[in-house]
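The opening residue of the sequence shown carries number 166 in this note's numbering; numbering runs sequentially from there. Read through the structure below, which is laid out as structure tokens, and then see the notes.
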Amino acid sequence: MAAHRSTADILDAAVHVREAARNAASGAAGVDTVLAALSEVLDYDHASLTRWDPLRRRHTTLAGSYPDDATAYIETRLHHDPVFPVLRGPARDGLWLQDVPPQLLAASPGFQEVLSPLGIEGGVAQCLFATDGRYVGMLNISTRRPRHTPDPARAVVTLLTESLAATVTPRPAENRPGGLSPRELQVLTELTTGRTNREIAERLYITPRTVGTHIEHILAKLDLPNRAAAAARAVAWGIEASG
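If you want it as structure tokens, here you go:
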């Protein structure tokens, strides 16, 4: 149980989480092993790791222990919750339940209809992002006991986000939106900002001509008439540039 463990023990447990995440990301182990390792960092009652599906506009649970109604909320309604824009905000440090303003909790169907009836008083929701800035999924952890600060487990969960993001990011062999290559997805992401070919080229360290070629391939693969339509498709899929 992680509740009364020393900081050294929690850090040692974090190393095991990273190992489990690396194995899950490579397909050598299941995602459930990551949640099991996380329980040694943060003693929880319920937890889940979900992947964001930009085509279906919903989350898909890869591993979790929430009741069915809570799982359904996370998968199909959480991204419409008033709390979600705060979670995906620029800080990206995770939102711990005790830090959520009371007025936001009052407006959140997720808390009022799902977590509160379960007796949840603590936990964290952590959005996960790929290295190119794409939102790829979420970690949800809930406890029936509030966490107290300072709490080393809080910092450790934040430090683990890169490993957890790799766990939920589809492997190359899995379907990519529209069959686009990784570089084409990067260019498509940049199109959502309205940047010119030259500006995109500078950000991706390629030539403007190469950017133009990628855009031609994107339009052909997605059967779209122009870059504005491609940008709109990206937004519909939930693909957004990081800044």
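In this text, a Cβ means the ideal position worked out from N, Cα and C, and glycines have one as well. This one's a predicted model, so the numbers in the text were calculated from it and none came from an experiment.
Check	Outcome
Reduced DSSP secondary structure (H/G/I, E/B, other) of Ala237	helix
Segment limits, beta strand (DSSP E) that includes Ser191	Not the beta strand (DSSP E): Ser191 falls in the alpha helix (DSSP H), residues 172-191.
Inter-stretch contact at 8 angstroms, needing at least 3 Cβ pairs: the stretch 264-282 / the stretch 182-194	no
6 angstroms CB neighbourhood of Ala338 in its chain, flanking five on each side removed	With a pLDDT of 41 at Ala338, under the threshold of 50, the modelled position of this residue cannot be trusted; read the value that follows with caution. So the list is empty, once near-sequence residues are dropped.
Completely contained alpha helix (DSSP H) runs for the stretch 276-346, where each covers 4 or more residues	317-324, 326-333
Segment contact, 8 angstroms Cβ cut-off, at least three pairs: the stretch 223-243 with the stretch 339-354	no
Leu353 versus Pro335: straight-line alpha-carbon distance, rounded	18 angstroms
Validate contact between the stretch 283-301 and the stretch 241-260 using beta carbons, cut 8 angstroms, 3 pairs	yes
Straight-line Cα distance separating His244 from Val301	12 angstroms
Three-state secondary structure (DSSP) of Leu409	Here the chain has residues from 166 to 408 only, and residue 409 is not among them.
DSSP-derived helix/strand/coil call for Ala228	strand
Straight-line Cα distance separating Ala330 from Arg360	27 angstroms
Identified DSSP bridge partners for Leu260	Ala290
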